[in-house]
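Below is one structure, written out as structure tokens; the observations come after it.
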């Protein structure tokens, strides 16, 4: 098998090296020496084929480690390495398109030419991502700009299971973000750098011209969808539309990808067939067409992946060497990973190659199986039914190929994907073909362009209405499925085992591989040892949420984060974290007090997860958001209970939760609710965590009555580290090793107070801020508490 498909094994080994470098922090100099030494050894041992093959395999693994380590290091400019988070800094450079707009803000990549990290201008290199106000006049392309904002380094996922921004930035060569608050902080200099037509800026300018034509030819609600389909400008497509397309398994048609490159290939092949262009010229025409399309869409990674794959296949076909499509697919992956090794971790890369691999491997097998049946043979005799069956099989095998990655990243599987794709893909092909014709003909004939535009708009609206109709079915998709990374490997091994069962050697190898993966998983669980108490303070922005997992598996959520106009912590942070951790039930939710930044996220997760009970303070709060939440809890038949000072919650044994506040006279107050917060101490053996809610100095003074019982190694400070909380006497009594400040970046309250951070430093407590560190995790075995680096790889240490 190795001799038949050598590139598959080479690509697999190189990718394994990238994965190792992500998991383990390896010095680059050692990797250079090791990789070079292995390559030299492989050359010297060429006469011993087996030995040379093994050494070459190790060299490929080492090369993968080296390449990803190098990519992560070379992103950073040394002159900017010392810039602190949130520091104000001036930079000079020029915009790299595209500019993405959302409401009153926009974001774009910025190629650095100079920076003033410490007040003195100096040359700088690399790219950053700028988030700025939407200007009245578009920011000028090709002109050098001066920009002032706050420097913000990327984190490798602010919460477990969340988007790994650091890895994304390293993959795309981005050093950090610059947050610009005021429009006047982006200053054009009037100095222009020449823009070549074939550059990305040239493509952006062409897109702008085409968008102007689209504004004339198409109307809402078709226009935002068509911008995504034709130009890759998906940001203006509404959330409801995206959700409907996702539930029905056709979300892939909304973003330019391999499917759209395939459409372009079919269009140019049809043109070649109509004009009877010879094969060699036809392939040249198709290659020119797909690379022009890739340029027009801004050379986006999904289009580049598909274009590279198509180029390799077409060149092989041109030279009559289309013998091993699997090797060509592996070669395309290897080239991409050599250029940008971080693509391995991008969901688009995983879905693209798993879909094509599924098609290449499974399509002929399932087609043969269908034809072997009597009904299948009859269906394949006729043109229309043969075409329908081919499309159904194609959709099925592509979905099977991507299924584990779809479940891992999106936690959803569509049950209507086969039906929806059968109708949607031909309709989208017609939309793309007539849409581009409308744009291309517009300068020549406005009347003919309008005819094609009408066909395009009618078709896409019919597709959207059809998808919205299907998405309404309750069982259109199975939601909230969570799988772990090792289960992805297990899925593919079992799939290969089923389809290779007839081959004795492959069957034995795959059986052993399945057993090995299962054994490693079991022994890894054994190695983790006895159950421990886990307390995780989530990064929910300017609010509070903490997840507690007890030694025997019960779970408690203390507060659920904020909710606002366009953000809900329950939906966007708390529930995804629960999914990622495989938590399908919360035994209890404790709301410290009825402020929106603490309870706002709870209502959103009520339909998503089972909740045993919700615990409140003994408050008479009558504000509308709180009363709405109580009604929702009644609707979902969730038990509610009241906790008072002096209560001990013992249903999480061997862990106890002591309620230390609020004082009875503070619990019922209708104003200044911060001091009506439940103060909870989580006690396990000799260890303790103290969570203060939003308690301020008045409430802290009353809790001092507990004396030495207050002592806790971990303190979640009251009121987000404001100057009104965490007083000196209180700190002296608690004597925390670690103090958690739960707050949002650039919050309007200017939390935390420098007075509080100085006080914590003076008290010898290690201050941990969620705005800087993301989620913060602790484990206790009842004897000692350890802070756990929950992120994988060096970034998590």
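In my numbering, the protein residues as written are 564 to 1360.
Glycine included, every Cβ here is placed at the ideal spot set by N, Cα and C.
Could you tell me if residue 1238 is buried or exposed, where buried requires 16 or more neighbouring beta carbons within 10 angstroms of its beta carbon?
Reading the chain shown from its first residue, position 675 is the one you call residue 1238. Buried, by the Cβ-count rule.
List in chain order: all unbroken alpha helix (DSSP H) runs of 4+ residues lying wholly within the region 986–1034.
Segments of the alpha helix (DSSP H) lying fully in the region 986–1034: 1009–1034.
Could you pull out every residue in the same chain whose Cβ sits closer than 7 angstroms to the Cβ of residue 570, ignoring the five residues on either side in sequence?
As a first step, residue 570 is located in the chain shown; it is residue number 7 there, counting from the start. 890, 893, 894, 897, listed in sequence order.
Nonlocal neighbours in the same chain, by C-beta distance under 8 angstroms from residue 670, ignoring five residues either side
Residue mapping note: residue 670 aligns to position 107 of the chain shown, counting from 1. When the five nearest sequence neighbours on each side are left out, the beta carbons in the same chain lying within less than 8 angstroms of the beta carbon of residue 670 are those of 662, 663, 692, 693, 694, 695, in order along the chain.
Quick check on the burial criterion: 16 or more other C-beta atoms within 10 angstroms. Buried or exposed for residue 593?
Against the chain shown, residue 593 aligns to sequence position 30. Counting Cβ neighbours within 10 Å, residue 593 comes out exposed, since fewer than 16 surround it.
What's the C-alpha gap between residue 725 and residue 1099?
Along the chain shown, read from residue 1 onward, the residue named residue 725 stands at position 162. Along the chain shown, read from residue 1 onward, the residue named residue 1099 stands at position 536. Between the alpha carbons of residue 725 and residue 1099 lies a distance of about 14 angstroms.
Assuming residue 1335 and residue 648 are in contact, meaning their beta carbons sit under 8 angstroms apart, how far apart are those beta carbons, in whole angstroms?
Translated into positions along the chain shown, residue 1335 becomes position 772. Translated into positions along the chain shown, residue 648 becomes position 85. Contact flag correct, Cβ pair sits at about 6 angstroms.
Helix, strand or coil: which one does DSSP assign to residue 1076?
Reading the chain shown from its first residue, position 513 is the one you call residue 1076. Taken through DSSP and simplified to helix, strand or coil, residue 1076 comes out as helix.
Applying the criterion that 16 or more other CB atoms from any shown protein chain within 10 Å of the CB defines a buried residue, is residue 631 buried or exposed?
Along the chain shown, read from residue 1 onward, the residue named residue 631 stands at position 68. Its Cβ being crowded by 16 or more others within 10 Å, residue 631 is buried.
DSSP-derived helix/strand/coil call for residue 932:
By 1-based counting over the chain shown, the position of residue 932 is 369. Residue 932 sits in a helix when the DSSP states are folded into three classes.
Could you tell me which residues DSSP pairs with residue 1153 in its beta bridges?
The count along the chain shown starts at 1 and reaches residue 1153 at position 590. Partner(s): 1121, 1178.
With DSSP as the reference, identify every bridge partner of residue 1351, one or two as the case may be.
Here residue 1351 refers to the residue found at position 788 of the chain shown. Answer by DSSP bridge pairing, in chain order: 1340.
Just checking my contact of residue 1240 with residue 1258 at CB under 8 angstroms: how many whole Å lie between their CB atoms?
For this step, residue 1240 is matched to residue 677 along the chain shown. For this step, residue 1258 is matched to residue 695 along the chain shown. Indeed they touch by this definition, with Cβ atoms about 5 angstroms apart.
For residue 833, three-class secondary structure by DSSP:
Start at 1 with the first residue of the chain shown, and residue 833 comes out as number 270. DSSP, reduced to helix, strand and coil, places residue 833 within a helical segment of the structure shown.
For residue 706, which residues does DSSP report across the bridge?
Mapped onto the chain shown, residue 706 falls at position 143. Answer is 755, bridged to residue 706.
Please classify residue 644 as buried or exposed, where buried requires at least 16 neighbouring CB atoms within 10 angstroms.
Taking the first residue of the chain shown as position 1, residue 644 is located at position 81. Flag for residue 644 reads exposed.
Determine the extent of the alpha helix (DSSP H) in which residue 609 is found, giving its start and end residues.
Within the chain shown, the letter at position 46 stands for residue 609. Where residue 609 is concerned, there is no enclosing alpha helix (DSSP H), given that its DSSP letter is neither H nor E.
Every unbroken alpha helix (DSSP H) inside the region 1181–1245 [4 residues or more]
Every alpha helix (DSSP H) of 4 residues or more that sits fully in the region 1181–1245 is shown, in chain order, as 1187–1198, 1227–1230.
Give every residue of the same chain whose Cβ lies closer than 7 angstroms to the Cβ of residue 1057, excluding the five residues on either side of it in the sequence, and list them in chain order.
Indexing the chain shown from 1 puts residue 1057 at position 494. If we look at residue 1057 and ignore the five residues flanking it on each side, its Cβ neighbours are 1077.
Please state whether the Cβ-Cβ distance between residue 722 and residue 1107 is less than 8 angstroms.
For the purposes of this step, residue 722 is taken as residue 159 along the chain shown, with counting starting at 1. For the purposes of this step, residue 1107 is taken as residue 544 along the chain shown, with counting starting at 1. Judged by beta-carbon spacing, residue 1107 lies beyond the 8 angstroms limit of residue 722, meaning their Cβ atoms are not closer than that value.
Is the Cβ-Cβ distance between residue 767 and residue 861 less than 8 angstroms?
One-based indexing of the chain shown puts residue 767 at position 204. One-based indexing of the chain shown puts residue 861 at position 298. Yes, Cβ-Cβ distance for residue 767 and residue 861 is below 8 angstroms.
Can you look up residue 1106 in the DSSP assignment and give me helix, strand or coil?
Walking along the chain shown from the start, residue 1106 turns up at place 543. DSSP places residue 1106 in coil when its eight states are reduced to three.
Looking only at its chain, what residues have a beta carbon closer than 6 angstroms to the beta carbon of residue 1215, apart from the 5 residues adjacent to it on each side?
Counting from 1 along the chain shown, the entry for residue 1215 is found at position 652. The residues are 1113, 1117.
Contact between the region 907–914 and the region 949–957 is defined here as three or more beta-carbon pairs at a separation below 8 angstroms; is this criterion met?
Flag = no, the region 907–914 and the region 949–957 do not touch.
Residue 1230 beta carbon less than 8 angstroms from that of residue 1180:
Looking up residue 1180 in the chain shown gives position 617. Looking up residue 1230 in the chain shown gives position 667. Their beta carbons are under 8 angstroms apart, which means residue 1180 touches residue 1230 by this criterion.
Roughly how many angstroms separate the alpha carbons of residue 1202 and residue 1176, rounded to a whole number?
Stepping through the chain shown from its first residue, residue 1202 is reached at position 639. Stepping through the chain shown from its first residue, residue 1176 is reached at position 613. Their Cα atoms are separated by approximately 5 angstroms.
Determine the direct distance from the alpha carbon of residue 745 to that of residue 667, and round the result to whole angstroms.
Along the chain shown, read from residue 1 onward, the residue named residue 667 stands at position 104. Along the chain shown, read from residue 1 onward, the residue named residue 745 stands at position 182. So the two alpha carbons sit approximately 11 angstroms from each other.
Under a three-way DSSP split, which group does residue 1334 fall into?
Here residue 1334 is taken as the residue at index 771 of the chain shown, counted from 1. In the three-state scheme derived from DSSP, where H, G and I count as helix and E and B as strand, residue 1334 is classed as helix.
DSSP beta-bridge partners for residue 694?
Counted from its first residue, the chain shown places residue 694 at position 131. DSSP output for residue 694 lists 670, 742 as bridge partner(s).
Can you tell me whether residue 631 is helix, strand or coil according to DSSP?
Numbered from 1 along the chain shown, position 68 holds the residue referred to as residue 631. Correct three-state label for residue 631: helix.
Mind the definition here: the region 828–838 touches the region 848–867 only if three or more C-beta pairs lie below 8 angstroms; say whether that holds.
Cβ pair count under 8 angstroms is three or more, so yes.
Proximity of residue 1284 and residue 1304 at Cβ, strictly below 8 angstroms
On the chain shown, residue 1284 is found 721 positions in, with the first residue counted as 1. On the chain shown, residue 1304 is found 741 positions in, with the first residue counted as 1. Yes.
Backbone secondary structure at residue 665 - three-state DSSP
Counting from one through the chain shown, the residue named residue 665 turns up at place 102. Three-state DSSP puts residue 665 in a strand.
Tell me, please, whether the region 1323–1332 touches the region 1294–1303 by the rule of three or more beta-carbon pairs shorter than 8 angstroms.
Yes, the region 1323–1332 touches the region 1294–1303.
So residue 1279 is in the beta strand (DSSP E); what residue range does that whole segment cover?
For the purposes of this step, residue 1279 is taken as the residue at position 716 of the chain shown. In this chain, the beta strand (DSSP E) harbouring residue 1279 covers 1277–1279.
Answer with buried or exposed for residue 1131, where buried requires no fewer than 16 other C-beta atoms within 10 angstroms of its C-beta.
Locating residue 1131 in the chain shown gives position 568, where the first residue counts as 1. Burial state of residue 1131 is buried, judged by a 10 Å Cβ sphere holding 16 or more other Cβ atoms.
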